[in-house]
Each structure stands twice: as structure tokens, then as C-alpha cells.
């Protein structure tokens, strides 16, 4: 297969060797693009889960929620939490994507090559990279989640005051509230996502697609599956992080409340906006990341390339 370039055609690149800086730059650019498009859906997903916790059910669905937030709080409320999200994105994407590539490539080029560890390297490399990233950005994730669940023009000051009071009462460890359910959501998600992505990229279905198309389709498909499977963990994580007191934030108590109020269906509240957000977000993020690495590779090879 070939890619069109300014000087004709060249073989489609199968392996891109990028420096850590190039990977970080590619991941950061992809994160900014992705979050700018997807934050409104993340906001409504958080609101749906939070309203369920209080028994309000004020939003009938994704479109109803978007409409009410826009009408009652203004356009910019749909991007609430974007700034702390972007601040969180740089260290998160750097650790996650560079870490994943490093762990996977190390396994493939070590004595573990062609062993079961190599075959399933996307599975455990994705989970391990996400664990490291989650530990670093968990406090910012907590603040962003609270910003998205807050209503009104005084949301930022109210959230900041609430976080300070929480830390004063419970100590700095409170900033990592929700870390366990976050890890229970993100580690399996990453493992499922990367394994699915790598397998789909190699499948005959995508063999005739351009690098951009195959990355986009594989990212969206594997992201959708991983999002559905891990939605119950996302529901528990969200309700734990927006709880103001430690007594309310116990995982067991949250699970009991969800089951008592909505049954098992309650664990999938917000699944539609989550999937609608995660699938295209994964597609945009991974294709931007891969295209960024291609961009740097072609610059170094002095070839002007237009990737289809």
C-alpha cells in the first residue's frame, strides 16, 4: 500500500521511530483537539450521574441536558472544567502514550519477544501506563469533575472553596478521593482499548485503509467497547468524587444506593453520552497521535508528505 506525496508515492510506513519529545508533542496536540470537541459531552455525562445521586433526574437524556445547560447557564457552561482538564492533559498524555509505547516496544525487543508477554503486551502495557498516569493526575481529575457537576456562574469559586474545606478536614489524601474506582475504570479500559486497537489495526478489514483511516476506525471501535464495559466504574467514580464527606464517599455505600434506587440499570446511567464522547475521542486522539509521529518522521526524512 502507498501514501500520496508531493513527489509521487512511497511505501506506507509500518514502523515509526519517534523521540520522546516528538511523542509528547503529538500526544499533547491530540489531547487539546480532543478535549475541545468532547468536553460538552463529558459535562452532561457528569450531570446525569450527579442528578441521579440526588434523586433529581432533572435531565431526560443527553440532548435534553445539553439544551437545559445552554439555556439556563449559557454556552460556556458546556466547557466547564476544560481549563483544569487541559492542565491535566499534558502530564497525563505524556506519561500514558509515551509510557505505553516504551513498555510495548521494550517487550517486543527484549528476551520476551514472541512469548505470551509479547503477544499480550498491549493489554498489560496499556494498563500499567494508565496506572502511572492516574496517580499523577488524580487531584486534577477530582477538581475537573466537581467543576463539571457545579451549576451557576459561581461554580469555580464554590468548587475551589469546597476542595479547600475538604482538604482541611481530611488532609491531602482527600485529593486522591476516587482513585480506586478511577483505577478500576481506567486500567481495564486502557487494557481493553489498546488490545482491541492493535488487533483491529492488523486485521484484514483495515488492511487497505490509509494509516489515518485505520487509526481512526480502530480507535473508535475499541474505545466504544471499552467504554461500555467500564461504565459502572465510571458511575461509582463520579459519585465518589462529588461527595463532600468521607462517609458519603465509601464505595460500598455508593453501590448500595445505586442498586436501591435504580437497580443494575443505575450502573449504566450516562452510558450513551460516555460512549458518544469516548468513541470519537479515542478516534481523534489516537489518529492525531499517530499522524503527529508520521509528521515528525517525514520531516526527518526530508519528504513532503500528504497523508490521506
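Numbering (UniProt numbering), first residue to last: 1 to 308.
Using N, Cα and C, we set each Cβ at its ideal position, and we do this for glycine too.
For residue 97, the CB contacts under 7 Å within the same chain, skipping 5 residues up- and downstream, are 23, 27 and 289 in chain order. Between residue 185 and residue 234 a beta carbon distance of about 5 Å is seen, short of the 8 Å cut, so the two are scored as contacting. Runs of alpha helix (DSSP H) with 4 or more residues, each lying fully within the UniProt repeat "Solcar" (210-295), are found at 211-241 and 251-262, listed in chain order. DSSP assignment within the UniProt repeat "Solcar" (117-203) yields the following whole alpha helix (DSSP H) runs of 4 residues or more, N-terminal first: 121-149, 155-170 and 179-202. Of all alpha-carbon atoms in 282, 140 and 34, the one lying nearest the alpha-carbon of residue 222 is that of 282. Taking a C-beta distance under 9 Å as the contact criterion, residue 81 and residue 43 qualify as a contact pair. Taking the C-beta atoms as reference points, residue 59 is found no nearer than 9 Å to residue 71. Note that the C-beta distance between residue 238 and residue 131 is not below 9 Å. Excluding residues up to 5 positions away in sequence, 140 lie with their Cβ nearer than 7 Å to the Cβ of residue 87 in the same chain. In this structure, the alpha-carbon of residue 25 lies about 11 Å from that of residue 295. Here DSSP, grouped into helix, strand and coil, assigns residue 18 to coil. When only Cα atoms are considered, residue 218 and residue 196 end up about 8 Å apart.
Taking the Cα positions, residue 227 is about 7 Å away from residue 278. In this structure, residue 225 keeps its C-beta atom at 9 Å or more from the C-beta atom of residue 236. Around the CB of residue 74, fewer than 16 other CB atoms lie within 10 Å, so the residue is classed as exposed. A direct Cα-to-Cα measurement between residue 205 and residue 273 gives close to 28 Å. With distances taken between CA atoms, residue 100 lies nearest to 124 out of 177, 124, 35 and 291. Going by C-alpha positions, residue 17 is about 44 Å away from residue 50. In the three-state DSSP reduction, residue 298 falls in the helix class (H, G or I). One Cα belongs to residue 121, the other to residue 176, and the distance between them is close to 28 Å. Beyond the five residues adjoining it in sequence on each side, residue 266 comes within less than 6 Å, by CB distance, of 258 in the same chain, given in chain order.
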